[in-house]
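K.L.:
Residue numbers (the numbering used here), protein chains in the order written: chain W, 26 to 422; chain L, 13 to 317; chain A, 12 to 357.
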Amino acid sequence: MQRFSVRNCVTTNCRGSVQALPQLRPAMNDPESREMLLSIAPTALPIGISGIEKRFGGVSVLRDLSLDVAAGEFLTLLGPSGSGKTTLLMILAGFVRANAGSIKVGGEEIIAMPPHRRNIGMVFQNYALFPHMNVFHNIAFPLKQRRVSTAETAERVEKALDLVQLKGLGERRVDQLSGGQRQRVALARAIVFEPRIVLMDEPLSALDKSLREHMQIELRNLHRRLGMTTVYVTHDQREAITMSDRIAVMNAGCIEQIDRPEVLYAAPKTRFVAGFIGDSNFIPVESRNGSVWYEDRKIRMTSAVPAAGCHLMVVRPEKLRLVADAQPAGSVNVIPATVGDVIYQGDSFACYATLRDGRQVTLRDYCRSDVLARLPGPGEPVNLGIDAEDVVLVAAD
Amino acid sequence: MSMQSAILPHAGARTLNADALHADARRETFGLLALLSPGLLLVFAVIIVPIGWLFWLSLFDETGSLSASNYARFFQQPSYIKTFLTTFKVAFAVTGACVVLGYPLAYMLSQLPRRAASICLILVILPFWTSVLVRTYAWLVILQRKGLINSWLIDLGVISQPLPLANNFAGVIIGMTHIMLPFLVLPLYASMKTIDIDCLRAGMNLGASPAATFRQIFFPLSLPGLASGVVIVFVLCLGFFVTPALMGGGKVIMWAMRIEQTTSLYSNWGAGAALGVVLLAVTLALLGLFQWLLGARATGVWSSR
Amino acid sequence: MTKLLCIKSLAVAGLLASVAVPASAADTITAASWGGTYQEAETKAFFDPTAKELGITIKQDTTNGLDDVRLQVTGNAVKWDITELGADECARGSKEGLFEKLDYSVIDKSGINPKLVHDDWVGISYTSVVLIYRTDVFGDKGPKTWADFWDVEKFPGRRALSGSQATETLSVAALAKGIPIDKVYPVDIDGALQSVDKVKGHIDAWWTSGAQAMQLVKDGEVDMASIWNGRAGTLRKEGAPVSFSFDQGVLTADCMVIPKGSKNKDLAMKALAKFVSPDLQANLPLYVDNGPANEKAFETGKIPPERIKDINSAPDNVKKQVLQDPEFWRDTLVEATEKFNNLIQQ
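#1: If we cut at 7 Å on Cβ distances, does Q361 of chain A have a partner in chain L?
#2: Consult DSSP for R381 of chain W and reduce its assignment to one of helix, strand or coil.
#3: Would you mind reading off the limits of the beta strand (DSSP E) that contains V310 of chain W?
#4: Hey, could you find the ends of the beta strand (DSSP E) P406 of chain W is sitting in?
#5: Using a Cβ cut-off of 7 Å (strictly closer), state whether Y218 of chain L contacts chain W.
#6: Enumerated in chain order, which unbroken segments of the beta strand (DSSP E) with a length of 3 residues or greater are wholly contained in the region 223 to 286 of chain L?
#7: Can you give me the C-alpha to C-alpha distance between I143 of chain A and D215 of chain A, rounded to a whole angstrom?
#8: Please decide whether S91 of chain L counts as near chain A, where near means a Cβ-Cβ distance under 7 Å.
#9: Please tell me whether K271 of chain A and L96 of chain A are closer than 7 Å, where the distance is taken between their beta carbons.
#10: Apart from the five residues on each side of it in sequence, which residues of its chain come closer than 6 Å, Cβ to Cβ, to P403 of chain W?
#11: Using DSSP with H/G/I as helix, E/B as strand and the rest coil, what is W45 of chain A?
#12: For the region 325 to 361 of chain W, list the beta strand (DSSP E) runs that are entirely contained and at least 3 residues long, ordered along the chain.
#13: If I follow the unbroken beta strand (DSSP E) through T85 of chain A, where does it start and stop?
#14: Measuring alpha carbon to alpha carbon, tell me which of W:R88, W:V189, W:P293 ends up nearest R250 of chain W.
#15: Does the beta carbon of E349 of chain A come closer than 7 Å to any beta carbon on chain L?
#16: Using DSSP's beta-bridge definition, name the partner residues of F86 of chain L.
#17: Can you tell me the Cβ-Cβ gap for R389 of chain W and E343 of chain W, rounded? I've got them flagged as a contact below 8 Å.
#18: Just by C-beta distance, which residues in the region 58 to 85 of chain A are closer than 8 Å to chain L?
#19: If you measure beta-carbon to beta-carbon, which residues of the region 135 to 147 of chain W are closer than 9 Å to chain L?
#20: Leaving out the 5 sequence neighbours to the left and right, which residues in its chain are closer than 6 Å to I200 of chain A when beta-carbon positions are compared?
#21: In terms of residue numbering, what span does the beta strand (DSSP E) encompassing F257 of chain A cover?
#22: I need the straight-line Cα distance from M188 of chain L to T255 of chain L, nearest angstrom please.
#23: I'd like to check one pair, A421 of chain W with L337 of chain W: are the Cβ atoms closer than 7 Å?
#24: According to DSSP, is D233 of chain W helix, strand or coil?
#25: I'd like to know whether the C-beta atoms of G168 of chain W and F218 of chain W end up nearer to each other than 7 Å.
#26: According to the Cβ coordinates, are A52 of chain A and V299 of chain A closer than 7 Å?
#27: What residue range is occupied by the uninterrupted alpha helix (DSSP H) comprising K330 of chain A?
#28: On the three-state DSSP scale, how would you describe V3 of chain W?
#29: For K79 of chain W, write down the residues that DSSP places opposite it in a beta bridge.
#30: Could you check whether the Cβ of I60 of chain L sits closer than 7 Å to any Cβ belonging to chain W?
#31: Give me the residue from W:A231, W:G252, W:G204 with the minimum Cα distance to A96 of chain W.
#32: Per DSSP, what are the beta-bridge partners of D199 of chain A in this structure?
#33: Give the DSSP-derived three-state secondary structure of G73 of chain W in the structure shown.
#34: Could you spell out the range, first to last residue, of the beta strand (DSSP E) harbouring V274 of chain W?
#35: What's the C-alpha gap between K90 of chain A and G76 of chain A?
#36: Give a yes or no on whether 7 Å exceeds the smallest Cβ distance from N352 of chain A to chain L.
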């Protein structure tokens, strides 16, 4: 889990309003937080989703969808609007009834259980705080339903407020809070009763960019400290990559691919996944006679050669580079192109080039002095190099 | 600062352009007042002046001399106190009946799919298109001794003697409730529609049963709409004339009927005006009380929207 | 510029001329009455023939009663030259000095009950309050007198009385106590109120309009009621199972006055003289059940004999009834009505 250093991210994002928000301390070496961790620690349970079918009218929204979430995992459902991710979340929470399927939480079937018995915490897109209650009563609400004693309620609400860094704001009215504070109240309310699992429906979409980035880190840290099984819905691929243990990319009611973010990025299995996560160049190639060909050039690759037929080579802009030799050497593939435009972006530049077949590709590189010295101008012919190990092929559909 | 005072040495110009800015602010205030003046004038002409005139009239007896006799009548004639109590009794009963019938109706409307809701809403509003007089007579036809309800019940053998439903207090309440119901349902429905469905989902998600969610979340959030509906219905009831006159069988005399009676009996506008002033004062006092009782809670929700 | 001014002044002159023409013609008067079928009948009986005979135009308006007259007279904006009122209103308006004096050298008062002939007002027609009962409940053995109406044991059933016309109900209550018709006036108000008190627990509706009284009886909501004879006649014509007679009826008169400040006072006087003349008075019962105020109307031969017996002011019927005394109520109305209202309210 050291893909992204937490400190790094926070410092790069630390601008303007974010400075006002205190940073979460790492939990493990702090005795006080460990105590909190014990008092508000959702029992992490695995979720087993299988064979979910959902139709609205005649339209199939989810088709035979199956998915396993490990105990304590942070899983993100990522997809465009209409892909069925929110419907799946609603089915998990019990607000929408599936036509078929099974949902097991820690081995217990909950698909036919009414929402109020499911013991699932949920953070809504617009927070859904109760406007007629103050912060304290909002957070105490789930405890009140569970007939927790007044003294214990006060104690747990206090701890939850502390956990989301809203200590002392219990008497505030909801309409006196900023967007970020409302977000935290919603979060505290969703975890204060130690739910079996926590669901989040695009909880950060209403926040401005810098606050959103800050909250991503904070949510991520909170998850690490409390270890609750979390299902998170978003359409923002960057957010999904930042926060998740695994991402399930959804499209048209199905899961296209589910894997760790770095795998999804490096080895997308379908054109949809490649296009949805990160920027991609698609270059048509053909597989014949046990090799893959781009026009008359044989593509060197480390992965297995697919079945004969047309395929698309997925190339990330940063995996392309400008090479001097027109003839490939070693494990580098070379594709000739003509520069259309070069956009200077400070730390990096983007080069838009046209292949011989007229296809547009993008190349991105950092502005190192050796690269800058050889930067081509518009109209200049260039050679684009791709390492054999970066070649990823997907079906051309 | 020191540099500034060096450049502008006289005391009057201590702050740069202060006078000009002050003058500009004053101009803007007058400009806004000028824009408001048609509205203010209208309010003055159609509300302040007539009420003031009403109050002025109420101070004169039939010989045209200044006297408190129009007000003294309340204490000399016990029938006025009776009418007053009857008026409030009817207003409370009708408001209560409207709440009991209107709340579930508004709730149902707010939960229906959009198309069905708009059709049902038309049905709710439909009675507005017929006159109050016609609707009251229709109720008379339905409720009287040989009316629809009594003949059905007798034919079915449920009762042997007709129920007294018209020409009494019950008749007035039934007739007025029907007329007042939309005034309660419409604001209530509007406020229920603004309740965020996610708030209700959150309630259930957090462990509240549907009934508990309704009680702890939906109902408190619908209170502002209920409050405005109740105030509208209550105030309209206080001034009602046609239905009690026709459905009350002459035994349920409400304030508006009394104003009419008194004005013609004493041949003096002041006599009726005094009744109007008293009703206005008591109504305002009640509304104040209402605001005080429900206001804090209701406005708490209002301001958050 | 001068040309424009010229056109303007021409236009003003034209406007003045067009206004001046009708103003100079003093052959138009305005008469106000209660509207509805009653005023239509008056139009045919009185207004149209008078307009034709005198060669004038009679414009019509409707009135709500004495308050309208008072407003016009005290506000110096008299629109009407003749208006109809209830007799007790005439008595009150007379006391307040709202009417012009009538010239009985122009108006022939003979044939009109002297109680309805005054310095500034004169009777024009009669309405009766009668006892009606449903024959499908009582057959022909229904309550015939007000004492019967008050006898809830002998005549069980649902009852309605007028709640808006205290004067009429108090007269009826006095009759119910057994007071002979010629001794009812002056009414012993406290005695009459006691009488009302005895029956009020058995009154199912206190009606406030003629239409309501009719509806109560017609729909069987009550089995017996006090009702105006015009409404009772309509019910009988419509075939409702009802019976009524003029026995112990209460005759109330309507009157006509010339509001003080009328601009066409002399012409109005001539028109009023026509209205109360036996000839035109005899027209009225041809169109409505309200009887003529001038009993000479019955001698004109215009009214068919079989119609005469149904008219409340026919001499034979007048004998059976009490005539309301407008001057009595002029002085006692307010006090009596307040006491009455107090009594009948729940």
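We put the CB at the ideal spot given by N, CA and C, even for glycine. Just so we're clear, the structure is a prediction, and the values are computed from it rather than from any experiment.
P.N.:
Straight from the coordinates:
#1: A question about residue 361 of chain A goes unanswered here, because the residues of chain A that appear run from 12 up to 357.
#2: coil
#3: 306 to 313
#4: 406 to 412
#5: The identity of residue 218 of chain L in the sequence shown is Leu, whereas the question assumes Tyr. By this cut-off, L218 of chain L is an interface position.
#6: none
#7: 15 Å
#8: yes
#9: no
#10: V364, D366
#11: coil
#12: 334 to 340, 346 to 348
#13: Element bounds for T85 of chain A: not the beta strand (DSSP E) but the alpha helix (DSSP H), 77 to 85.
#14: W:V189
#15: yes
#16: Looking at the DSSP assignment, F86 of chain L forms no beta bridge with any residue, so it has no partner.
#17: 5 Å
#18: G76, L77, D78, R81
#19: P139, P140, H141, R142, R143, N144, I145, G146, M147
#20: A347
#21: 253 to 268
#22: 6 Å
#23: yes
#24: coil
#25: Gly is not the amino acid found at residue 168 of chain W; the sequence shown has Leu there. Yes, these two residues count as a Cβ contact at 7 Å.
#26: yes
#27: Here K330 of chain A belongs to no alpha helix (DSSP H), and DSSP marks it neither H nor E.
#28: Within the shown structure, residues of chain W are numbered from 26 to 422, placing residue 3 of chain W beyond reach of any answer.
#29: W:L87
#30: no
#31: W:G252
#32: D199 of chain A is not bridged to any residue.
#33: strand
#34: 271 to 276
#35: 14 Å
#36: yes
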